[in-house]
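For reference, the structure is listed below as structure tokens.
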Amino acid sequence: MRDYTRYNVIKNKNLTYDTINIAQIQTELASNFKIESDQKVTVAIGDLHGNALKAIRFLIEIGMIDLSQHNLQDIYRTLQNSYLSNMYDKFENALDKIVFDIDRIKQTKLVFIGDTLADRGHSDYMTLLVFKKMAEKGIEIDYTICLSNHDVQFIYYLDVYLFPEKTTSLEGLPCIYGQGEVCVSYDLDKLDKTQKHKLLINYYEVYLSHLKVMEYEAIEGKEIVYSHAPCNFEAIKKIKFAPKGKNLHDTIADINNSFQAALTSAENLFGYNWVYDTGLFEFVWNRKTTTTKFVEASIINIFGHVSDMEIINQNQVNLDSDLGKYNIFDKKGLKIFSVYKYQPSSNLKETVYKSCNSSTDNGSVKSESTSKRKNIGSYSSKTSAKIKDIEPIKGDVLEILEKYLKTNPNNASRSRNVWLYFKGRNHIGRLEKVFNSIKSSTSIEEIQSILENQKNIFDFAHSYTKSKDSQIYEHWNKFGGIKNVPQNLDSSKFYQTIRTAITAVNVHVSSYKNLDKRTGNYNVSNPNSHFNVNSEFFTTLPNVGNTCYINSSLQLLDHINGPSQNFFKFQAFSTRSGLSSLISDFWLPDGQTFNSNTSQQDAAEFLQSLINSNRYKESFLPIFKISHRVQKKVTSCQTHAHIPQFSTDDLNMLHIGINEGRIQQQHNLPLKKLLEEAEQEEMPLNDQVCYACMEEAHDNDYSVKNEKKYKRGHGVETRKLISASKYFIIHLKRFGYDQDGGVYKISSTINIEDELRIQDENYKLVAYIVHEGKSLRNGHYYLISLKKYPVLYKISDDQIAKIYPSEEIKLRKQAYIILYKKNGN
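Just so you know, we're using our numbering here: the sequence shown kicks off at 315 and counts up by one.
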């Protein structure tokens, strides 16, 4: 076992911006930071100085970033260039290319000593992007951020920005935090609307949820306290909300819990006065290392804040250095502390920290809040073109909002505290503000931004209900100023009103062509269709009552539209009755009218019905035509039992069984293998006429009436694919029937190839539909699009979000309906 007191301090290492010495880092990791399979390690870094690049370099130096990644040097150089130039999008794109060492992450906890934001760095926005990457699903680094003077300043600035009517003036702030305090990295005022919104989301998801007054751990009779400024037990107990009579561990735990409660409270407690009154001001500012130390040799204090100075006390470790303080790496020391403890390898997975945005839905397949937050504004940005006459849009939206206001009178008390005004069960005060904002808006972009912002607040808040450890109402109040979070967004009248308003805007926007890159203007084109030629983007469709199976099918067909021709057109709708009028001629689920049946239905059955409908079959057959050579044998015919009878059959969708004939479900079967097996399989036939007998009788009348004259029997059929058209649809039959007639789902994973070779032609994967759920009658359908590969998109009703390749690979294995396109077309 490694000595608990062992830590590594790298001083005067030549950490330049331009290069990283990967071989040297690998050598140092092997000698200084090797983690055995039965160990877990905590690694702490000193003051970050608001420097995103220092955070990235830290992750590289301790091996959290995969050093074997191809082009890591180039990625790092792009990061540093975009960081120094404040090129936000370029920085984020480069960040997305970084690959992490997941095995090492599972054994590592990180502690950031402080000065994370509002310091001398270039951009807090970029720093939060780094933390977002660390907390990303599939990476999920376990980390703590210790409260510091600069972090307090950032939070205070942000409070003033979010709630100007509730906070005191910034005048005099420098004297509060010390003359000459530098906050260069605070860049909220430099961001556009979308970036500001992203900063706020990241602030709540990956920053506040990891922020503590201090961190604590114990190992073999020793205790380690991580804090921004030097401290001891006496200094800790001076914090006003510290408990009385508890040991060090319990005291720190209670302080951190109380801090989080105040930070996110409905009363908005956090601010300078609260910091000063509670003793946190003195705690994060203390620089006295000689008089503020633990007397007990068994307690070690890890801190920063005091500049790059030597500490002679055995149980004090100073991690502060000038590295990154002035945005240059000029042989400044990178100080790292690490401590090791035994961790049974079988339990490693259980102890990996799960960040707030990685919580899963456990069966509720309709919540897309995490992926939505990753791509806030993705749809609104595409539809934010300048439409000269916004009055029709504004009028419809105001009418929708006004209906809510009339049916939900405001009984909330207009207290001096704005938070109390927002506590009404129906959130009437908030909607009044939305109504007034829409009324004074001057552009479609502004209307969309207002509505999307409200919806995102709800989605963000609702995501925390899936975390057992979260205090949902507190997090939401801090971000959006609302109490009473609905347990079910579908039952929230406010949320549904906002969604209805968004749908109304989208319906209007869909009547315009997509943005012409040369002119930047929208032009009217087929105002009755959702799907327009030259579409650069994707089509969003409202869910009007378990209609995701319809939406995903329509959105799949939208992928056949191209610059030269609009193959598929479908009228706009915003209500269930409106949709019913568009599909009732070909779609009657379970023998009922569509509008009276709100249960979930089969997307494959709907898609088949649509393609075969009188309205579309003439245009779709040439596009989707799949020809088979059919061989039949009527085995019950004594004369012709072994004589094959050939014919051709044209389909528009290939239906492939999964695990048919297998005792147990198999996983990761290649799609190509399933196609080959389908051609070899003999399908049983019943009630068949022997056409060889008809030929012997010289009877060529194959009408149903005439065939009844002949004896019918059973037989077998095989099919061989002989040709396919421009597009190729494959339906993997994931639903089966048990002996009692019940429907069950087959969840076998299938390896869906990027390309298929079909009759000497290469077909490339374009999109596929996924069904999440355990039954045909419930769950949720959505579409995964590779239309703009390598960028991948998830389209779920009226929500569009980018997804990462690792996520797409997992989703592809559960594909239900798959669309391929012939190369060169």
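Cβ coordinates follow ideal geometry from the N, Cα and C atoms, glycine included.
None of these values were measured; they are calculated from a predicted model.
Hey, could you find the ends of the alpha helix (DSSP H) residue i is sitting in?
i        : result
His-511  : 507–516
Ile-389  : 386–398
Pro-936  : 931–938
Pro-1119 : 1119–1126
Met-378  : Note, Met-378: premise wrong, no alpha helix (DSSP H); not H, not E.
Determine whether the beta carbon atoms of residue i and residue j lie at a separation below 8 Å.
i        : j        : result
Asp-636  : His-619  : no
Thr-392  : Val-425  : no
Ala-1081 : Leu-868  : no
Phe-608  : Asn-632  : no
Lys-551  : Thr-565  : yes
Val-589  : Val-466  : yes
Ile-1114 : Thr-854  : yes
Leu-1100 : Ile-1109 : no
Gln-290  : Ser-1037 : Lying before the first or after the last residue shown, residue 290 is absent from the chain, which here runs from 315 to 1139.
Ala-366  : Tyr-397  : yes
Ile-707  : Ile-758  : yes
Asn-1137 : Tyr-1077 : yes
Gly-364  : Arg-434  : yes
Phe-547  : Ile-427  : no
Leu-1079 : Ile-1064 : no
Phe-884  : Tyr-1107 : no
Gln-387  : Ile-453  : no
Ser-888  : Ala-818  : yes
Ser-437  : Asn-400  : yes
Work out the CA separation of residue j and residue i for me, nearest whole Å.
i        : j        : result
Phe-347  : Leu-381  : 14 Å
Asn-600  : Cys-545  : 8 Å
Glu-760  : Ile-752  : 8 Å
Ile-1132 : Ser-621  : 59 Å
Ala-556  : Tyr-530  : 15 Å
Gly-638  : His-524  : 22 Å
Ala-567  : Met-528  : 9 Å
Ile-379  : Ile-515  : 24 Å
Ser-1120 : Ala-543  : 40 Å
Ile-613  : Asn-570  : 19 Å
Ser-898  : Phe-908  : 7 Å
Leu-577  : Leu-461  : 12 Å
Gly-486  : Phe-468  : Annotation note: pLDDT 43 at Gly-486 (below 50); position unreliable, no value reported.
Ala-886  : Ile-1123 : 32 Å
Val-653  : Ile-374  : 18 Å
Tyr-1024 : His-1012 : 13 Å
Ser-763  : Phe-573  : 32 Å
Lys-947  : Leu-1035 : 18 Å
Leu-1125 : Leu-443  : 25 Å
Glu-766  : Tyr-402  : 22 Å
Leu-562  : Val-1105 : 49 Å
Grab the span of the beta strand (DSSP E) containing residue i for me, first residue to last.
i        : result
Ala-1129 : 1129–1136
Arg-434  : Looking at the DSSP string, Arg-434 is not in any beta strand (DSSP E), and its letter there is neither H nor E.
His-363  : Per DSSP, His-363 belongs to no beta strand (DSSP E) and is neither H nor E.
Asn-570  : Segment 562–577 is the alpha helix (DSSP H) holding Asn-570; no beta strand (DSSP E) there.
Asp-456  : 456–460
Ser-523  : Note, Ser-523: premise wrong, no beta strand (DSSP E); not H, not E.
Val-598  : Per DSSP, Val-598 belongs to no beta strand (DSSP E); it is in the alpha helix (DSSP H), 594–599.
Out of the options, state which residue places its alpha-carbon closest to the alpha-carbon of residue i.
i        : options                             : result
Glu-746  : Ile-758, Ser-757, Gln-762, Gln-768  : Gln-768
His-1085 : Phe-881, Asp-963, Cys-862           : Cys-862
Val-413  : Gln-383, Lys-1135, Gln-574, Gln-810 : Gln-383
Leu-505  : Ile-469, Lys-560, Leu-562, Tyr-439  : Tyr-439
Asn-860  : Arg-418, Ser-1061, Asp-1111         : Asp-1111
Glu-990  : Gly-971, Phe-547, Val-1003          : Gly-971
Lys-1022 : Val-1003, His-1012, Leu-1035        : Val-1003
Leu-893  : Ile-925, Val-858, Asn-1020          : Val-858
Asp-1001 : Glu-993, Ala-992, Val-1018          : Val-1018
Arg-914  : Phe-900, Tyr-1130, Tyr-517, Ile-864 : Residue identity check: residue 914 is Gln in the sequence provided, not Arg. It is Ile-864 whose Cα lies nearest to the Cα of Gln-914.
Tyr-874  : Lys-1135, Arg-418, Tyr-470, Asn-385 : The sequence shown places Ile at residue 874, not Tyr. It is Lys-1135.
Phe-372  : Pro-1104, Glu-350, Met-448, Gln-353 : Met-448
For chain D, find out if any of its Cβ atoms is closer than 8 Å to the Cβ of residue i; answer yes or no.
i        : result
Arg-1033 : In the structure shown, chain D cannot be found, because there is only a single protein chain.
Using a threshold of 7 Å, is the CB atom of residue i nearer than that to any non-hydrogen atom of the ligand SAH?
i       : result
Leu-362 : Inclusion of the ligand SAH in the displayed structure is not the case, the ligand content being empty and no account of it being possible.
Would you check if there are 3 or more beta carbon pairs closer than 8 Å linking the segment 918–933 to the segment 1021–1032? Between the segment 918–933 and the segment 1021–1032 there are fewer than three inter-stretch CB-CB distances shorter than 8 Å, so the stretches are not counted as touching.
For the 8 Å Cβ check, are there 3 or more pairs between the segment 999–1013 and the segment 950–957? Counting Cβ pairs under 8 Å, three or more are found: they touch.
So, do the segment 352–359 and the segment 389–409 have three or more beta carbon pairs nearer to each other than 8 Å? No contact exists between the segment 352–359 and the segment 389–409.
Contact the segment 1034–1054 vs the segment 961–973: 3+ CB pairs below 8 Å: Note that the segment 1034–1054 touches the segment 961–973; at least 3 beta-carbon pairs, one per stretch, sit closer than 8 Å.
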